[in-house]
Amino acid sequence: MWYVHYLHAQEVMEESMRAAMRANLLRTVEDAPEGPHRPNELRRLGARGAIALSLAAARLARALDSRVVASR
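The opening residue of the sequence shown carries number 8 in our numbering; numbering runs sequentially from there.
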């Protein structure tokens, strides 16, 4: 039973991290200056996208794993 609570808490934490990253991403895009620093901003945005993708993949893997464990 504790494991279910742990997974739920982890999902809530990941969702709040994603929401914070999205908000920060929007601020970065809106405040990004035009000019030579723009490529750095694009790299940073790409890195944040990769982090969001890896979080989503980890969440999917956990969901699939918990379904496999539950079906046993």
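Glycine included, each C-beta is placed from N, C-alpha and C at the ideal position.
All values derive from a computational prediction rather than experimental measurement.
Item, Value
"Cβ-based neighbour list, Arg-66, same chain, cut-off 8 Å, excluding 5 preceding and 5 following", "Glu-18, Glu-21"
"Whether Met-28 touches Arg-55 by CB criterion (7 Å)", "yes"
"Residues of its chain near Leu-33, where Cβ-Cβ distance is below 8 Å and the 5 sequence neighbours each way are ignored", "none"
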